[in-house]
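Colleague:
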Amino acid sequence: EVQLQQSGPELRRPGSSVKLSCKASGYSITDYLMHWVKHRPEHGLEWIGWIDPEDGETKYAQKFQSKATLTADTSSNTAYMQLSSLTSEDTATYFCARSTPFDYWGQGVMVTVSS
Amino acid sequence: DVVLTQTPVAQPVTLGDQASISCRSSQSLVHSNGNTYLEWYLQKPGQSPQLLIYKVSNRFSGVPDRFIGSGSGSDFTLKISRVEPEDLGVYYCFQATHDPRTFGGGTKLELK
Chain A
7 EVQLQQSGPE LRRPGSSVKL SCKASGYSIT DYLMHWVKHR PEHGLEWIGW IDPEDGETKY
67 AQKFQSKATL TADTSSNTAY MQLSSLTSED TATYFCARST PFDYWGQGVM VTVSS
Chain G
37 DVVLTQTPVA QPVTLGDQAS ISCRSSQSLV HSNGNTYLEW YLQKPGQSPQ LLIYKVSNRF
97 SGVPDRFIGS GSGSDFTLKI SRVEPEDLGV YYCFQATHDP RTFGGGTKLE LK
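Heads up: the sequence lines are chains A and G, in that order. For what it's worth, the working numbering labels the leading residue of the first sequence as 7, then goes sequentially. For what it's worth, the working numbering labels the leading residue of the second sequence as 37, then goes sequentially.
Shown next as structure tokens:
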């Protein structure tokens, strides 16, 4: 059974960074791109980017180019997203999703940025 | 970047009604390989989004046949016949033809 298990909720100060994980089971992450999506209820879903875990190639939406860094560890079958220079605008739920179409999603992780 | 415009923003319905959601793209979503990668997702409150339709009109495994995707080029529609309580939530179209990928703004299907 395919599952994407994300790490737990995070509380961070403005200006700090956070690294989120997405551990895949039931398949090899090298077989599919892994995407990340941001959700804020008042803004809907935003596509952040994808990583090809097989070779590390990445692609980002313009607005997340300097905000998010996607990586993957094939030995642990886990994808990661680091968010840097956090502001209140980064307070959101972040999902990983197997591509594509997005047939499997992680459960989401809430990131709260607050002083 | 491709902009997907969904209308309406909110769709009040009575259970058993038909609902229709439009998704218009700022450019053609026909890929150079001939496929059109337009998808539909439903996000219920507190849940991860779930895939309904891929490549315009293909229902994902387990999706009831009351969900019908149609369209071509840059104009797409999701129809839900006989709305049931479990259909309520926010619907998003998504294009995977062009990088960067993009979501529509969402349509909230809610009870009248």
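Note that the Cβ used here is the ideal one computed from N, Cα and C, for glycine as well.
List the residues of chain A whose Cβ lies closer than 9 Å to the Cβ of G/Leu124, in chain order.
Modeller: Position 88 of the second sequence, counted from the first residue, corresponds to residue 124 of chain G. Neighbours of G/Leu124 on chain A: none; closest Cβ ~15 Å, over 9 Å.
Colleague: Nearest chain A C-beta to G/Ser139 closer than 7 Å, yes or no?
Modeller: Taking the first residue of the second sequence as 1, we reach residue 139 of chain G at position 103. Position check: residue 139 of chain G holds Phe in this sequence, whereas Ser was assumed. Yes, because at least one Cβ of chain A sits closer than 7 Å to the Cβ of G/Phe139.
Colleague: Once the 5 residues before and after A/Glu7 are set aside, which same chain residues still bring their CB inside 8 Å of it?
Modeller: Residue 7 of chain A sits at position 1 when you count from the first residue of the first sequence. So the qualifying residues of the chain are Ser31, Gly32.
Colleague: Just reading off the beta strand (DSSP E) that G/Ala46 is part of, what are its end residues?
Modeller: Taking the second sequence and counting its residues from 1, the one referred to as residue 46 of chain G is at position 10. G/Ala46 -> beta strand (DSSP E) spans 46-49.
Colleague: Helix, strand or coil: which one does DSSP assign to A/Asp96?
Modeller: The count along the first sequence starts at 1 and reaches residue 96 of chain A at position 90. In this structure, A/Asp96 counts as helix in the three-state DSSP scheme.
Colleague: Do you know whose CA, among G/Glu120, G/Asp135, G/Cys129, lies nearest G/Pro48's CA?
Modeller: Along the second sequence, one-based indexing puts residue 48 of chain G at 12. Nearest option by C-alpha distance: G/Glu120.
Colleague: Can you tell me whether DSSP reads A/Asp79 as helix, strand or coil?
Modeller: Mapped onto the first sequence, residue 79 of chain A falls at position 73. Residue state, collapsed to three classes: strand.
Colleague: Mind pulling the chain G residues with CB within less than 8 Å of A/Lys65?
Modeller: Counted from its first residue, the first sequence places residue 65 of chain A at position 59. Ordered by position in chain G, the residues that pass the 8 Å Cβ test against A/Lys65 are Asp135, Pro136.
Colleague: What number of angstroms, rounded off, separates the C-alpha of A/Lys69 from the C-alpha of G/Asp53?
Modeller: Translated into positions along the first sequence, residue 69 of chain A becomes position 63. Translated into positions along the second sequence, residue 53 of chain G becomes position 17. If you take the alpha carbons of A/Lys69 and G/Asp53, they lie about 39 Å apart.
Colleague: Between A/Thr84 and A/Ala98, what straight-line distance do the alpha-carbon atoms span, to the nearest angstrom?
Modeller: Locating residue 84 of chain A in the first sequence gives position 78, where the first residue counts as 1. Locating residue 98 of chain A in the first sequence gives position 92, where the first residue counts as 1. When rounded, the distance between both Cα atoms is 21 Å.
Colleague: Which word fits G/Ser62, buried or exposed, when buried means at least 16 other C-beta atoms lie within 10 angstroms of its C-beta?
Modeller: Within the second sequence, the letter at position 26 stands for residue 62 of chain G. G/Ser62 comes out exposed.
Colleague: Does the beta carbon of G/Tyr128 sit closer than 7 Å to a beta carbon anywhere in chain A?
Modeller: If you number the second sequence from 1, residue 128 of chain G lands on position 92. With 7 Å as the cut-off, G/Tyr128 counts as an interface residue toward chain A.
Colleague: Can you confirm whether G/Ala55, when its beta carbon is compared against all beta carbons of chain A, has any partner nearer than 7 Å?
Modeller: Within the second sequence, numbered from 1, the residue matching residue 55 of chain G stands at position 19. Taking 7 Å as the CB threshold, G/Ala55 stays off the interface with chain A.
Colleague: Starting from the C-beta of A/Gln113, find all residues in its chain whose C-beta is less than 7 Å away, skip the five residues before and the five after it, and write them out in chain order.
Modeller: Sequence index remark: in the first sequence, residue 113 of chain A carries index 107 (1-based). These residues qualify, in order along the chain: Gln12.
Colleague: Taking 7 Å as the CB-CB cut-off, is G/Gly98 touching chain D?
Modeller: This model lacks chain D altogether; the protein chains it does include are A and G.
Colleague: List the DSSP bridge partners of G/Gln42.
Modeller: In the second sequence, the residue the question calls residue 42 of chain G occupies position 6. Answer is G/Cys59, bridged to G/Gln42.
Colleague: Check the Cβ of A/Glu52 against every Cβ in chain G and list those closer than 7 Å, keeping chain order.
Modeller: Residue mapping note: residue 52 of chain A aligns to position 46 of the first sequence, counting from 1. Phe139, listed in chain order.
Colleague: To which residues of the same chain is A/Phe101 closer than 6 Å at the C-beta, ignoring the five residues directly before and after it?
Modeller: Your numbering for residue 101 of chain A matches position 95 in the first sequence. Once the five neighbours on either side are set aside, the close Cβ partners of A/Phe101 are Val43, Trp111, Gly112, Gly114.
Colleague: Per DSSP, which residues does G/Phe103 bridge with? Please list them.
Modeller: Here residue 103 of chain G corresponds to residue number 67 of the second sequence, with the count starting at 1. The partner list for G/Phe103 (beta bridge, DSSP) reads G/Ile116.
Colleague: Starting from G/Gly142, find everything on chain A with Cβ-Cβ shorter than 8 Å and list it in chain order.
Modeller: One-based indexing of the second sequence puts residue 142 of chain G at position 106. Those are Gly50, Leu51, listed as they occur along chain A.
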